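In our numbering, the protein residues as written are 662 to 820.
Here's what the structure looks like:
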């Protein structure tokens, strides 16, 4: 009989247009949806990794064009959650480790970019698959990714 480890919060995100809607991700791969105007238990919770030693949630993002919430674990387990209907729609393996700050959603809401040790991976949410991979040079690594309205995407890294 295995006990799940004690949870701590590893990722927090407010909805971009519903100012009292807060998503909290935990070290035990649980996503809690909260309405901060009603301080009580979460509206809904999802366990994304039911294993005895789940991976912590490291990245959260809301789609700019729908009620889609994207939640990713440190081991690359990506879950697509309908935050309006409060249900998990699909899960996809990104196939890489995802650190905090290592996931960015493009402003159109279709492409998700992940920063990896060896480069960048782009996932098409409609196709639910990796559509592009860009490698960086030996000894370099990508630390974070983000999208800007005026730029396709921005990568930050170190050498």
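Just so you know, even glycine gets a beta-carbon here, dropped at the ideal spot from N, CA and C.
Owing to the predicted nature of the structure, the values given are computational and were not obtained by experimental measurement.
Alpha carbon of residue i to alpha carbon of residue j, nearest angstrom
{"i": "residue 854", "j": "residue 718", "result": "Residue 854 is absent from the structure shown; the chain starts at 662 and stops at 820."}
{"i": "residue 690", "j": "residue 737", "result": "12 Å"}
{"i": "residue 679", "j": "residue 799", "result": "43 Å"}
{"i": "residue 667", "j": "residue 715", "result": "11 Å"}
{"i": "residue 708", "j": "residue 692", "result": "7 Å"}
{"i": "residue 763", "j": "residue 723", "result": "15 Å"}
{"i": "residue 756", "j": "residue 674", "result": "24 Å"}
{"i": "residue 803", "j": "residue 728", "result": "29 Å"}
{"i": "residue 773", "j": "residue 792", "result": "10 Å"}
{"i": "residue 771", "j": "residue 744", "result": "17 Å"}
{"i": "residue 685", "j": "residue 797", "result": "32 Å"}
{"i": "residue 687", "j": "residue 670", "result": "4 Å"}
{"i": "residue 676", "j": "residue 731", "result": "12 Å"}
{"i": "residue 779", "j": "residue 788", "result": "23 Å"}
{"i": "residue 767", "j": "residue 786", "result": "11 Å"}
{"i": "residue 748", "j": "residue 801", "result": "39 Å"}
{"i": "residue 765", "j": "residue 742", "result": "16 Å"}
{"i": "residue 699", "j": "residue 734", "result": "28 Å"}
{"i": "residue 705", "j": "residue 694", "result": "5 Å"}
Buried versus exposed, by CB contacts within 10 Å (16 or more), residue i
{"i": "residue 697", "result": "exposed"}
{"i": "residue 710", "result": "buried"}
{"i": "residue 720", "result": "buried"}
{"i": "residue 746", "result": "exposed"}
{"i": "residue 820", "result": "Note that residue 820 has pLDDT 39, beneath the 50 cutoff, so the model's placement of it is unreliable and the number below is only indicative. The residue is exposed, with fewer than 16 neighbouring Cβ atoms inside 10 Å."}
{"i": "residue 750", "result": "exposed"}
{"i": "residue 782", "result": "buried"}
{"i": "residue 662", "result": "Reliability fails at residue 662, whose pLDDT of 46 lies under 50, so the model's placement of it is uncertain and no value is given."}
{"i": "residue 712", "result": "exposed"}
{"i": "residue 681", "result": "exposed"}
Among the options, nearest to residue i - alpha-carbon criterion
{"i": "residue 795", "options": "786, 806, 789 and 673", "result": "806"}
{"i": "residue 846", "options": "726, 761 and 733", "result": "What the structure shows of the chain is the stretch from 662 to 820, and residue 846 is not part of that stretch, so it cannot be assessed."}
{"i": "residue 702", "options": "688, 752, 712 and 683", "result": "683"}
{"i": "residue 672", "options": "759, 743, 774 and 699", "result": "759"}
{"i": "residue 753", "options": "784, 733 and 739", "result": "739"}
Per DSSP, the bridge partner or partners of residue i
{"i": "residue 793", "result": "783"}
{"i": "residue 695", "result": "683"}
{"i": "residue 704", "result": "Residue 704 is not bridged to any residue."}
{"i": "residue 672", "result": "686"}
Practice task
At 3 residues or longer, and completely inside the stretch 707-774: list those beta strand (DSSP E) runs for me, N to C.
Solution key: 718-723, 729-734, 738-743, 748-754 and 764-766
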